[in-house]
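Enquirer: Starting off with a structure, shown below.
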Amino acid sequence: MSPRSLKRLHRTELPVATAALARYLIGKTLVRELPQGRITGRIVETEAYLPGDAACHAFRGLTKRNRSLFLEHGHAYVYFIYGSHFMLNVSSGKEGVGAGVLLRAVEPLDGIEWMRKRRSTTRVPGTMCGPGRLAAVLRVSMKLDGLDLCAKGPLWLGTAVRPVGRIGRSIRIGITKDTHRLLRFYERGNPFVSGAKSMRD
DNA sequence: CGGCTGATGATCT
DNA sequence: GATCATCAGCCGG
Numbered sequence: 000m001s002p003r004s005l006k007r008l009h010r011t012e013l014p015v016a017t018a019a020l021a022r023y024l025i026g027k028t029l030v031r032e033l034p035q036g037r038i039t040g041r042i043v044e045t046e047a048y049l050p051g052d053a054a055c056h057a058f059r060g061l062t063k064r065n066r067s068l069f070l071e072h073g074h075a076y077v078y079f080i081y082g083s084h085f086m087l088n089v090s091s092g093k094e095g096v097g098a099g100v101l102l103r104a105v106e107p108l109d110g111i112e113w114m115r116k117r118r119s120t121t122r123v124p125g126t127m128c129g130p131g132r133l134a135a136v137l138r139v140s141m142k143l144d145g146l147d148l149c150a151k152g153p154l155w156l157g158t159a160v161r162p163v164g165r166i167g168r169s170i171r172i173g174i175t176k177d178t179h180r181l182l183r184f185y186e187r188g189n190p191f192v193s194g195a196k197s198m199r200d
């Protein structure tokens, strides 16, 4: 099920603006190359973190931790939080602009059996719903921070394998600043989207 | 389903 | 010392 038609997204086709990129990435493919094989998933939920947005990690300027957010759009920004989870983001904006898109949920496409072994849970459907679970299954860690997701490598963005459904929009999940902004995007009705039921319709 | 809580460690004040 | 873009487990309805 890894069709030849799966191609890397070219940087020139990625929207530069953060919210536009967050919306654009819904339905696209996330590809993880591992020694054990390839895992692919369909991106079904994202959140935008804009310049001037108090919830964005770049809000207070460049630091060692958030420097990848300032890379040209299409690079990975990975960080560690709550003592146990890695979060995977796609940088947005031109080089020097601190903004990005958090990948919150992916619908499993290929490599599902291997993914399940990675997680010692009895729950089957929610394998990659939620940013922490997503990173755990795809073995995303700080080693991937700063990676070019438009280039051949261990993690990259690919074209959609099937048409995207209706896209919903809501407030972002789990933040404490700038909470009212409608910067979360998701494919409506997709069972792999995280959050409460009301946040999936 | 929805709501709550403790775990856990890097980062910044 | 506080904060934090979360999660699993547990509880009540």
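Residues in the first sequence are numbered consecutively from 0, following numbering that gives the first Met the number 0.
Note that CB positions come from ideal geometry on N, CA and C, so glycine has one too.
These figures come from a predicted structure and were not determined experimentally.
(1) Classify residue 61 as buried or exposed, calling it buried when 16 or more other Cβ atoms lie within 10 Å of its own Cβ.
(2) Leaving out five residues on either side along the sequence, give the residues of the same chain with a beta carbon under 8 Å from the beta carbon of residue 149.
(3) What are the boundary residues of the alpha helix (DSSP H) that includes residue 136?
(4) Rounded to the nearest angstrom, how far is the Cβ of residue 25 from that of residue 184, given a contact under 8 Å?
(5) Applying the 10 Å Cβ sphere with the 16-neighbour rule, what's the burial state of residue 130?
(6) Going by beta-carbon coordinates alone, are residue 100 and residue 16 separated by less than 7 Å?
(7) Decide if residue 107 is buried, meaning its Cβ has at least 16 other Cβ atoms within 10 Å, or exposed.
(8) With contact counted as at least three CB pairs below 8 Å, one residue from each stretch, are the region 159-171 and the region 61-70 in contact?
(9) Pick from 169, 64, 137 and 146: whose alpha carbon is nearest that of residue 35?
(10) Since residue 54 contacts residue 176 with CB under 8 Å, what's their CB separation in whole angstroms?
(11) Can you give me the start and stop residues for the alpha helix (DSSP H) that residue 203 sits inside?
(12) Count the other CB atoms, across all protein chains shown, that sit within 10 Å of the CB of residue 197; report buried if there are 16 or more and exposed otherwise.
(13) Where residue 28 and residue 52 are concerned, what is the direct C-alpha to C-alpha distance, given to the nearest angstrom?
(14) Count the other CB atoms, across all protein chains shown, that sit within 10 Å of the CB of residue 45; report buried if there are 16 or more and exposed otherwise.
(15) Ends of the beta strand (DSSP E) at residue 107?
(16) Quick one: grab the DSSP three-state call for residue 140.
(17) Taking the alpha-carbon positions, what's the residue 193 to residue 81 distance?
(18) Going by beta-carbon coordinates alone, are residue 104 and residue 43 separated by less than 7 Å?
Expert: Based on what the coordinates show:
(1) With fewer than 16 Cβ atoms within 10 Å of its Cβ, residue 61 is classed as exposed.
(2) 7, 8, 9, 10, 13, 73, 155 and 156
(3) Element bounds for residue 136: 130-136.
(4) A Cβ-Cβ distance of about 6 Å is found for the pair residue 25 and residue 184, placing them in contact under the 8 Å criterion.
(5) buried
(6) no
(7) buried
(8) no
(9) 137
(10) 5 Å
(11) Because the chain here runs from 0 to 200, residue 203 falls outside it and cannot be looked at.
(12) exposed
(13) 27 Å
(14) buried
(15) 99-109
(16) In the structure shown, residue 140 sits in coil (DSSP, three-state: anything other than H, G, I, E or B).
(17) For the pair residue 193 and residue 81, the Cα-to-Cα distance works out to about 18 Å.
(18) With contacts defined by Cβ atoms closer than 7 Å, residue 104 and residue 43 form a contacting pair.
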